[in-house]
């Protein structure tokens, strides 16, 4: 009915009338024009003359529509100005309160209309001006919840930013009236005092009548489309009969005034608010999801037509009884879901609570809609229950009645907690009230005019039917032209396709196929068309497109299989060959390739998605987007039809399968999740956000990364529960499902526990990376270096303040690493107990279905092994237990040590601040000393940060010696150190660039830059007799240089002793002895910096070698095995160290001896290496840990 109503609205609109008249004139010109003669001539006889005439009619009609729209816009603007300039009633001029209130309402109306005239809203696929939307008036006594119902209705308010939408959160109320603009309607929220008029009756009455006059002036025909009467259940439930009668009388008078002042009969909707205050409401409905909470609770009276004469409350009893029966049915379902006795009793009693309201509500409504011959009958559409927010003390009418009957005390009920969820509002407004906007009556004169318009429209329709006779003629001519066009298109296709290279196909250019394929697809009757239905003008029994389309479809299908498919296969072969090192892409590419070759089950969505992205990249930057869309269309048609079988490149398939089989299934599944779009869409956890605005002023990352770079979103609490856990089983199942891609090299996943084992391994990989991610971020953040007293005081002020980044970051990290707590508590208990009956179901409550399935699979595997699986996330939580204890404490009664640390930070700040102001301070250094003693047993970032604070504070007090040394360091050593080492191997193991041997010697050799600086400036202050090195106290204070900086000098000394036997270039001697060789290899050849070493299962002889020698390094297994890796080679002066990094190093019982396991392509060789010095450079971690200190 809604669509017919819109059609009639358009017909009755000025533009609709003009369009109909223009259409009639055009039809007259086309069909009747040729036979109209003037003086022996027929001016409209030719097609051109008729088309010109029709064009003139069309342009003139369009011009007339635009002109009328312009005049209407000006008239509306003038009307808007007149509305807000309504002259005040002389009586209002004497009452300053009423005068001020009317002025405020006019101002609000003025602001609204300025926006309304320019605004457009789209509602359900249409766009229209806001002032054309239906208007609904919401009335009700103060505190009835009118504004709360609107705010929490879930409707969209597109003009909120312009109009200043103000949500009421339980405090205050509407002062006079507010306009709420939605996509579907305008809601006018009136002040409750307008309804009751009990504070200042005369002033409220004048303001109310003035408001109605404005409405009538603005929308003369239909001032409002309906009225929503908000009635608080909490009020009528506790009021006595006299109070309710007074309450109802006020509402009846306002409805009567609306009817009389506005002059229309409008639908009335009774909204019983605050239903949540009925005992049991929350327990009864708390399980509902968002869509369920948006449904309607109540009943709507059947509509017998716009002149419905039904009495307002006819059928109330029957409708209410039906609603109660439905509630009783629902209560049985809810009782089966709840085990708590108290909540079950509330749920069981809730229908009786609602039933107890029936007489109260009926009597109250009967008083409002009192049947009288002196007043007109209101059009009541329905009665509905709602809850905007859950606040206040519930009302127990049953217990209250029993208490009054038997003289018992009433049990206190807890107040609502304000959950902030709305119930039964969205669909009531959006799907019940707003669609009935047309029920409001209009002025009788206007309706009579519309009836004449309808009669005229019907007459025009009769005239149009006379043109049907010409349709067959037109269809015949059109079909004759269709056959001729089809022949032309076939000839055109043949000419176009002749230019496309044929068999054998050796190119992958699919764009050359677009035009020929488009020609075939566009041919009439081709069933592959998006809309294969013929134009209606060609039907009426004469359509020839089906016969033409059969031939077109066959030719089109052959072109797809013989022209498009081979090129797609060639493109996939090119892509595979160029990405043999990209396993993630390689697997998906091989799968698509085999699908197109019909060597695996077809996944049409995957194939379509693959080539859509492929062509998007190929066409990137090109304006011809139509060609890309056309290719997608042709590909869709191809994979939806039978495809021919084309032989694939067998050796290439086997090679890729061999490469992919080297990666464990779990690793591939894990990589699929963490590199997937859902994981990438998660926001990263950053220090800048976690620590607050002051973070960038007090913290820095030693690695040089910005504070805005942090932990990937997949390695956060939300990433774990919202993405990783739900996806783990899905991806594992998909990997198992896609196991066919690997062919004979695929792992055997037929075991019943294979899926669980894959999921478990995936979780283990994730936990390991999760721990690394957070340990890395914690290890890569320091307190910002403080070079002056003022900077130190400022930094300590921020670090010790109430918004301390240290405190915030530590708490955030604790939250992100407590994976087995909060929401997971319920889950893991259920898992640990074996999902025992009801307990297991409750344990999984709150998690998605995908996560529940994963936990169930893990549990089934654990049952076979006899051991319960660990709690989800427990491995991560165990790793960070000490951090959790530090932040949160052992229990609620034992606060975490972080509070004590923060107190000491405050004390250090206060002490240093006094020193900076006065130059002296009592007990100087006491706070620093206490902080230093406190952090002795601690570890982790808090100890490092506290140490940095201690060093900064001590350094600020110590004065300029450190500043002098720092300037010297930054001038003499740091520039070259950064230039030579930053992002270079071996100091950065992932870097491709390497440190030059000459640069390495210049920095670390005896008497090199670092050794010379340390000897000249720091040696006398450092105790190097024990490890780690420590500063000696001088004159009661140290230099203020941190232990972390000293550690770098110690590492530099270790590098010097390990790599240099004397000043000059580095020199290392070592021995290698073969221990074992893989039985599948006859010989292994080591080329170490140009020095060869061969072993072929013979005597195990020791070979002495030196580094550096200036050659390359490699390990090669013989004989070569096709399809497998046989050699690993490294180049550069550090190639031997790179080869060691890529191999497995095993420690032995002898300090200077290690075993090296070389694994290439699955074949293994083991060598024993003995360093030529007691300080083993190959086991030393100094080069990995050393970083050039930015400052001392």
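Residue numbers (our numbering): -3 to 1188.
Just so it is clear, CB atoms sit at the ideal spot from N, CA and C, and this is done for glycine as well.
These figures come from a predicted structure and were not determined experimentally.
Residues in the same chain with beta-carbon distance under 6 Å from residue i, minus the five sequence neighbours each way, listed in chain order, please.
i            : result
residue 1077 : 1113 and 1159
residue 1276 : Residue 1276 is absent from the structure shown; the chain starts at -3 and stops at 1188.
residue 404  : In this prediction, residue 404 scores a pLDDT of 43, lower than 50, which makes its location untrustworthy; the coordinate-derived value is nonetheless stated afterwards. Excluding sequence neighbours, residue 404 sits near nothing in its chain.
residue 1079 : 1092 and 1114
Please report the residue range of the beta strand (DSSP E) in which residue i lies.
i            : result
residue 809  : Here residue 809 belongs to no beta strand (DSSP E); instead the alpha helix (DSSP H) covers 801 to 813.
residue 293  : 293 to 296
residue 381  : 375 to 381
residue 1167 : 1159 to 1167
residue 1143 : 1140 to 1143
residue 134  : 131 to 135
residue 1067 : 1064 to 1073
residue 268  : 263 to 269
residue 1079 : 1079 to 1084
residue 707  : Residue 707 -> no beta strand (DSSP E), and no H or E assigned at all.
residue 1155 : 1149 to 1156
Would a C-beta distance cut-off of 9 Å place residue i and residue j closer than the cut-off?
i            : j            : result
residue 1019 : residue 871  : no
residue 1122 : residue 1156 : yes
residue 1166 : residue 1098 : yes
residue 984  : residue 909  : no
residue 1161 : residue 1088 : no
residue 434  : residue 269  : no
residue 586  : residue 653  : yes
residue 642  : residue 562  : yes
residue 273  : residue 382  : no
residue 1190 : residue 420  : In the structure as shown, the chain starts at -3 and stops at 1188, and residue 1190 therefore has no counterpart that could be examined.
residue 177  : residue 129  : yes
residue 720  : residue 669  : yes
residue 200  : residue 139  : no
residue 323  : residue 356  : no
residue 931  : residue 897  : yes
Flag residue i as yes when its Cβ comes closer than 8 Å to any non-hydrogen atom of the ligand GDP, and as no otherwise.
i            : result
residue 1046 : Looking at this structure, you won't find the ligand GDP or any other ligand, since it has none at all.
In the DSSP assignment, find the alpha helix (DSSP H) that holds residue i and state where it starts and stops.
i            : result
residue 973  : 970 to 977
residue 222  : Element bounds for residue 222: not the alpha helix (DSSP H) but the beta strand (DSSP E), 222 to 228.
residue 1130 : Counting along the chain, residue 1130 falls outside any alpha helix (DSSP H), and DSSP gives it neither H nor E.
residue 204  : 197 to 214
residue 1088 : Looking at the DSSP string, residue 1088 is not in any alpha helix (DSSP H); the run it does join, the beta strand (DSSP E), is 1087 to 1091.
residue 184  : No alpha helix (DSSP H) contains residue 184, which is instead part of the beta strand (DSSP E) from 182 to 186.
Once you ignore the five residues that flank residue i on each side, which residues in its own chain have a CB closer than 8 Å to its CB?
i           : result
residue 636 : 600
residue 906 : 923
Tell me which same chain residues have a C-beta within less than 7 Å of the C-beta of residue i, skipping the five on either side of it?
i            : result
residue 1188 : 958, 961, 962, 965, 1037 and 1041
residue 215  : 131
residue 707  : 680, 681, 769, 770 and 773
residue 1051 : 1000, 1178, 1179 and 1182
residue 1170 : 1148
residue 508  : 496
residue 60   : 14
residue 1143 : 1150
residue 228  : 139, 140, 141, 269 and 270
Rounded to the nearest angstrom, how far is the Cβ of residue i from that of residue j, given a contact under 8 Å?
i            : j            : result
residue 634  : residue 560  : 6 Å
residue 1127 : residue 1103 : Actually they are not in contact, since the Cβ atoms of residue 1127 and residue 1103 sit about 14 Å apart, beyond 8 Å.
Within the 9 Å Cβ cut-off, does residue i reach chain D?
i            : result
residue 1040 : Absence of chain D from the displayed structure is noted, only one protein chain being present.
Assess, as a yes-or-no matter, whether the region 695 to 707 is touched by the region 658 to 677 under the definition of 3 or more beta carbon pairs within less than 8 Å. no
The region 427 to 439 touching the region 368 to 385, judged by at least three CB pairs closer than 8 Å: yes
Contact the region 798 to 807 vs the region 680 to 697: 3+ CB pairs below 8 Å: Touching, yes.
Is it true that the region 328 to 337 meets the region 306 to 319, where meeting means three or more beta-carbon pairs spaced less than 8 Å apart? no
Between the region 875 to 890 and the region 922 to 937, are three or more C-beta pairs nearer than 8 Å? Under the Cβ criterion (8 Å, minimum of three pairs), the region 875 to 890 counts as touching the region 922 to 937.
Are at least three pairs of beta-carbons, each pair with one atom in the region 48 to 68 and one in the region 11 to 28, less than 8 Å apart? Verdict: yes, contact present.
If we count Cβ pairs, one from each stretch, closer than 8 Å, do we get three or more for the region 1129 to 1142 versus the region 1102 to 1111? Verdict: yes, contact present.
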